[in-house]
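Residue numbers (UniProt numbering): 1 to 210.
Now the structure itself:
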């Protein structure tokens with residue numbers, strides 16, 4: 001009987017170690033690529049959701065397995081109890097209670113470890129996501145500053161071009177006005193010369209008649 005109990009304890013221990021080793025790994029944090037920050041965050045949320053669902057499923061399976069083992073142990077021992085005295089039955093019952101208590105304590109410890117590991121992984125992922133958001137915000141701020149700087153340069157360039165065009169237009173307008181004034185002055189001078197020539201003609205004719 002002691003050998004069977006030891007075998008069952010070894011079996012439960014191996015089951016717990018096997019389940020614990022299968023539950024312990026957590027995915028490593030991924031490296032950040034600024035160009036696809038939004039896609040990585042969505043992927044991380046979906047992956048975390050799947051991991052939580054898988055962890056709950058494994059916990060339920062582990063708990064059910066341990067409860068089934070405890071139930072079978074109790075059924076087997078109940079059959080053996082009929083062969084022993086009342087004192088032996090009480091001792092066996094005590095050991096059953098101790099075994100059941102220890103079994104559920106082990107389950108609680110394992111579940112606490114699972115929860116702590118999950119919380120640690122969640123905190124790490126949240127910290128990683130925060131760093132990624134900060135890096136993305138820095139990139140966006142840098143891009144915004146570059147755009148504003150380029151816009152200011154463009155505005156200044158346009159202003160310089162407009163000022164240059166305005167100066168050119170003023171020069172053209174001034175040249176037109178000067179040309180117009182010269183034309184008017186030439187016309188006036190031509191009229192004066194014409195009058196003087198005509199006056200000289202009449203004067204010469206009058207002199208000839210004398």
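All C-beta atoms in this analysis are idealised placements derived from N, C-alpha and C, irrespective of residue type, glycine included.
Measuring CB to CB, does residue 70 end up less than 8 Å from residue 103?
In contact: residue 70 and residue 103 (Cβ atoms closer than 8 Å).
State buried or exposed for residue 156, treating a residue as buried only when at least 16 other CB atoms are found within 10 Å of its CB. Only exposed fits residue 156, as fewer than 16 other CB atoms lie within 10 angstroms of its CB.
Does the Cβ of residue 21 have 16 or more other Cβ atoms within 10 Å, making it buried, or fewer, making it exposed? Confidence at residue 21 is low in this model, with a pLDDT of 45, below 50, so its placement is unreliable and the value that follows should be read with caution. That one is exposed.
- Message: For a quick check, are the C-beta atoms of residue 55 and residue 114 less than 8 Å apart?
- Response: Yes; because the gap between Cβ atoms is below 8 Å, this pair is in contact.
*Quick one, which of 125, 173 and 89 has its alpha-carbon nearest residue 51's?*
Measuring from the Cα of residue 51, the nearest candidate turns out to be 125.
Report task. Tell me, to the nearest whole angstrom, how far the beta carbon of residue 59 is from that of residue 111; I am working on the premise that it is less than 8 Å. Result -> Cβ-Cβ separation between residue 59 and residue 111: approximately 6 Å, consistent with a contact (criterion under 8 Å).
Item to complete: Give the straight-line distance between the Cα atoms of residue 145 and residue 41, rounded to the nearest whole angstrom.
Response: In this model, residue 145 and residue 41 are separated by some 25 Å (Cα to Cα).
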